[in-house]
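K.L.:
So the sequences go chain by chain: A and B. Counted the way our numbering counts, the first sequence spans residues 64 to 300. Counted the way our numbering counts, the second sequence spans residues 1017 to 1425. Cβ atoms here follow ideal geometry from the backbone N, Cα and C, with glycine treated the same way. Can you read through this structure? Questions will come right after.
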Amino acid sequence: MPSDSALRIVWIYPDLLSTYGDQGNVLVLEQRAQRRGIETETIYVRSADPVPESGDIYLIGGGEDRPQILAAERLRKDGGLHRAIARGAAMLAVCAGYQIMGSTFGGEEGQPVDGIGVLDIASSRGPARAVGELVAEVDAELGLPTLTGFENHMGVTRLGPGVKALSRTTVGVGNGDGFEGCYAGHIVGTYLHGPALARNPALADLLLSWRAGDLAPLDDTRYEQLRRERLAAVLGS
Amino acid sequence: MTQLPLRAQLASALGRSAATLSRMTGRGDGSVIGGRVGLMLEPDLLRQLARDRRLALVSATNGKTTTTRLITSALLELGEVATNAFGANMPAGHVSALSTHKDAPYGVLEVDEKYLPEVLDTTGAGVVCLMNLSRDQMDRAAEIWLLAQKWRRALSGKPTHVIANCDDPLVTWGASTAAKVTWVAGGQRWKEDSWCCPECGGPLDRKDADWACRECTFHRPEPQWVLDDDAVVDPRGQRWLLDIQLPGLANRSNAAMALAVAEAFGLPVERALPRLREVTSVAGRYTTVERDGRHARLLLAKNPAGWLEAFDVSDPQQPIILSVNAQGPDGRDTSWLWDVDYRILRGRPVFVTGERRLDLALRLDVADVPFSLCGTFSEALSMQPPGRVDVIANYTAFQQIRSEFGRAV
């Protein structure tokens, strides 16, 4: 049994939104906490179950249009995630999960669907699917190295005054306006799906530090090898 | 068989010549280019080639090529069979297969999941075999809920006889608009894409093999055929020990589907089953290649469900080489690696290679699976002691290994 002090990672609706290797973000957070001696407890919340409000870090992933609409409906009805955020929980919302956090997003036929309104963003369906590697420079305030990952979506996301852009894209589409993702308080949204944290361990550590304080350094050889290889492949250097 | 119109005969013949040239110049087996040439000259060629034949279409995320081969092997009992044995599973490949065997009264065609509606409309195939649907190379493949929806529309209102795996809820939903369905309980190992009801989105409750939606009436239909470990129970309740040579539970499931398809063609189990037992390797899958006393058995795995099946087949006592690429046919996105549970490999000597070996290396590192990183497959093989080793590779990585040892394997 994990102790009461364990870091609680909550994965929201893996039965609806986990299409693109989203489990990777859970595994990376677990590993990076545990290798620093921080005990973790991971809670997999299926869409028929209530979202606990006492978690530390919430993760929500990507998926198809229909499951996305279902997830938004259920999160709104449930209210647990809203209460968790009000208590200061951290969250990483990816792709379809990112869009849900806003006021609206595009449905199966492009029709506007209500989001859950925890981020000041509005999404809609874009003209073409954005598929491929993405590289972006993170907002200086966060002090993170270059963002690298893979995007696969048709969304366009407009940021309101209540959020800041996570990064400025050098390769790829992201939000559709030269920026990728956003953040506000302890919530980060991104189009980098699946194992975004595997490609960006510093982002994983940022989420962890928001709940666990200062973190000891780790041997990141495997992460760095992959980052170097991907950035070189995409930027051609 | 009725005579093809002159234009179709010409298109078909020129396509075959293009295929021969492609083979002779070492560019591949020629089935795609040959079909393309034929279709360019006569866009209606597939429909004309399909006419007056009894056809089965085979589609799924995994096991298409193997099941196509098993059904073909069975139907050879009845007569000549045209088939796209090398996995060229889009219309050009179908044209090529049918024009190569232009007098064959039977045809068994492997069909890409996305192309099934189009190929069914064009060929008017009498039998369709549907095995499983799971996440697969999402950067280029269609999303699977949407795919099942398209199957429903394509099957609706046609006289097609569908043979479908009722243990896969999404396949069941995709097949259930057909006029006639034979349900096969073929098993489902990968369940991560079917926790929700495809009809209403409610949670699916599962108890053993059975499943039902908690919120609507959608539920598992009663199967006529049941795969029970190493045997199949037919609709009359008779139990048949499969005893096929292809390894693993996934292939026993493919064999169960093949027997049900054979029966739809009027071929009884006692005649079909011995034919299935003759199949030992399919397009290089499960064959063993040898170099300097190292015997490497080749397993293909293209997506998370496929990796589970490969782990089931692989021998836990042997070392294992894993090779992953991310070229176009593999999907350029490697995020699926994070959906595979690699912890099963703990305790085995693991060797990692392929063009995306660093993605796999980090994945294994996070799963606490120790491994050796190798620049090439040859290097990985040379690190083995003489004896047996299993190899799991995704699509282009698998083809690279095959061509290194000669495509004949």
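Which runs of the beta strand (DSSP E), 3 residues or longer, sit entirely within the segment 1188-1238 of chain B?
P.N.:
You should have 1196-1201, 1220-1223 and 1226-1229.
K.L.:
Enumerate in chain order the residues of its own chain whose CB-to-CB distance from Leu1252(B) is below 8 Å, with the five nearest sequence positions on each side excluded.
P.N.:
Residue identity check: residue 1252(B) is Arg in the sequence provided, not Leu. Closer than 8 Å at the Cβ level, and outside the excluded window around Arg1252(B), lies no residue.
K.L.:
To be precise: take each residue of the segment 1178-1195 of chain B, compare its Cβ to all Cβ atoms of chain A, and keep it if any distance is under 7 Å. Which residues remain?
P.N.:
Flagged: no residues at all.
K.L.:
Taking only beta-carbon positions, decide if Thr1233(B) is within less than 9 Å of chain A.
P.N.:
Thr1233(B) does not count as touching chain A.
K.L.:
Measure how close the beta-carbons of Tyr121(A) and Tyr254(A) come, nearest whole angstrom, since I'm counting them as under 8 Å.
P.N.:
Incorrect: roughly 18 Å between the Cβ atoms, too far for contact.
K.L.:
How many whole angstroms separate the CB atoms of Arg262(A) and Gly218(A), which I take to be in contact at a CB cut-off of 8 Å?
P.N.:
About 20 Å separates the two Cβ atoms, so there is no contact after all.
K.L.:
I want to know whether the segment 1046-1063 of chain B touches the segment 1024-1037 of chain B - three or more CB-CB distances under 8 Å.
P.N.:
Judged by Cβ distances under 8 Å, the segment 1046-1063 of chain B makes contact with the segment 1024-1037 of chain B, as three or more pairs qualify.
K.L.:
Say whether chain A places a C-beta atom closer than 9 Å to the C-beta of Ala1383(B).
P.N.:
Chain A, which has a Cβ nearer than 9 Å to the Cβ of Ala1383(B), makes this yes.
K.L.:
For Glu1159(B), go through chain A and note every residue whose CB falls closer than 7 Å to its CB, in chain order.
P.N.:
Here the neighbours are Glu127.
K.L.:
Could you tell me whether the Cβ of Asn263(A) comes closer than 9 Å to any Cβ of chain B?
P.N.:
False, the Cβ-Cβ gap to chain B never drops below 9 Å.
K.L.:
Flag this pair as touching only if the segment 1087-1103 of chain B and the segment 1123-1131 of chain B have three or more C-beta atom pairs under 8 Å; answer yes or no.
P.N.:
Result yes; three or more Cβ-Cβ pairs closer than 8 Å.
K.L.:
Would Gly1218(B) pass as an interface residue toward chain A - the criterion being a Cβ-Cβ separation below 9 Å?
P.N.:
Output row for Gly1218(B): interface = yes.
K.L.:
If distances are taken between C-alpha atoms only, which option among Glu196(A), Leu155(A), Cys245(A) and Glu172(A) comes closest to Asn88(A)?
P.N.:
That would be Leu155(A), whose Cα lies nearest to the Cα of Asn88(A).
K.L.:
Could you check which residue in Gln1153(B), Asp1060(B) and Asp1119(B) has the C-alpha nearest to that of Gln1019(B)?
P.N.:
Among Gln1153(B), Asp1060(B) and Asp1119(B), the Cα nearest to that of Gln1019(B) belongs to Asp1119(B).
K.L.:
Name the residues in the segment 1365-1399 of chain B whose C-beta lies less than 7 Å from a C-beta of chain A; which are they?
P.N.:
Residues passing the 7 Å Cβ filter: Leu1374, Asp1375, Ala1377, Leu1378, Asp1381 and Val1382.
K.L.:
Output yes if chain B places a C-beta closer than 9 Å to the C-beta of Pro115(A); else output no.
P.N.:
It does not: the Cβ of Pro115(A) has no partner Cβ on chain B nearer than 9 Å.
K.L.:
Write down the C-beta distance between Asn215(A) and Tyr83(A) rounded to the nearest angstrom, noting that I regard them as a contact closer than 8 Å.
P.N.:
About 7 Å; that satisfies the 8 Å criterion.
K.L.:
Hey, is Ser81(A)'s beta-carbon within less than 9 Å of any beta-carbon in chain B?
P.N.:
Output row for Ser81(A): interface = yes.
K.L.:
Pull the bridge partners of Gly218(A) from the DSSP assignment, please.
P.N.:
In DSSP, Gly218(A) forms a bridge with Arg188(A).
K.L.:
Taking the alpha carbon of Pro1121(B) as the point to measure from, which residue in Leu1073(B), Gln1153(B), Ala1141(B) and Asp1068(B) has its own alpha carbon closest?
P.N.:
When each option's Cα is compared against that of Pro1121(B), the closest is Asp1068(B).
K.L.:
How would you write the range of the alpha helix (DSSP H) that Asn1181(B) sits in, first residue to last?
P.N.:
Careful: Asn1181(B) lies outside any alpha helix (DSSP H), inside the beta strand (DSSP E) at His1177 to Asn1181.
K.L.:
Leaving aside the five residues before and after Ser1269(B) along the sequence, list all residues of the same chain whose C-beta is less than 8 Å from its C-beta, in chain order.
P.N.:
Cβ neighbours of Ser1269(B) beyond the five flanking positions: Gly1079, Met1147, Asn1181, Gly1202, Gly1203 and Leu1243.
K.L.:
What does the alpha-carbon distance come out to for the pair Leu1061(B) and Glu1238(B)?
P.N.:
Leu1061(B) and Glu1238(B): Cα-Cα distance of roughly 39 Å.
K.L.:
Taking the beta strand (DSSP E) that Ser1297(B) belongs to, which residues open and close that run?
P.N.:
No beta strand (DSSP E) contains Ser1297(B), which DSSP labels as neither H nor E.
K.L.:
May I have the straight-line CA-CA distance separating Ala1409(B) from Pro1345(B), to the nearest angstrom?
P.N.:
Going from the Cα of Ala1409(B) to the Cα of Pro1345(B) covers about 13 Å.
K.L.:
What does DSSP give as the partner residue(s) for Gly252(A) in the beta ladder?
P.N.:
According to DSSP, which records beta bridges pairwise, Gly252(A) is partnered with Ala156(A) and Cys245(A).
K.L.:
Can you tell which of Pro1386(B), Thr1084(B), Gly1054(B) and Ala1035(B) has its C-alpha closest to the C-alpha of Arg285(A)?
P.N.:
When each option's Cα is compared against that of Arg285(A), the closest is Pro1386(B).
K.L.:
Are the C-beta of Asn238(A) and some C-beta of chain B separated by less than 9 Å?
P.N.:
Closer than 9 Å: no.
K.L.:
Taking the beta strand (DSSP E) that Ile72(A) belongs to, which residues open and close that run?
P.N.:
It spans Leu70 to Ile75 - the beta strand (DSSP E) in which Ile72(A) sits, taken as one unbroken run.
K.L.:
May I ask you to report which of helix, strand or coil DSSP gives Val181(A)?
P.N.:
In this structure, Val181(A) counts as coil in the three-state DSSP scheme.
K.L.:
Assuming Arg1301(B) and Leu1314(B) form a contact by the criterion Cβ under 8 Å, report the distance between their Cβ atoms to the nearest whole angstrom.
P.N.:
Correct: roughly 7 Å between the Cβ atoms.
K.L.:
Indicate the three-state DSSP secondary structure (helix, strand or coil) for Tyr83(A) in the structure shown.
P.N.:
Note: Tyr83(A) maps to coil in three-state DSSP.
K.L.:
Please list the residues of the segment 276-290 of chain A that have a C-beta atom closer than 7 Å to any C-beta atom in chain B, keeping them in chain order.
P.N.:
The residues in question are Arg285, Tyr286, Gln288 and Leu289.
K.L.:
When the distance is taken between beta carbons, is Leu1316(B) closer than 9 Å to Phe1414(B)?
P.N.:
Yes; because the gap between Cβ atoms is below 9 Å, this pair is in contact.
K.L.:
Sort Trp1161(B), Gln1333(B), Gln1416(B) and Leu1374(B) by Cα distance to Gly1403(B) and report the nearest one.
P.N.:
Closest option to Gly1403(B), Cα to Cα, is Gln1333(B).
K.L.:
Confirm, please, whether the CB-CB distance from Leu1092(B) to Leu1149(B) is below 9 Å.
P.N.:
No. Outside cutoff.
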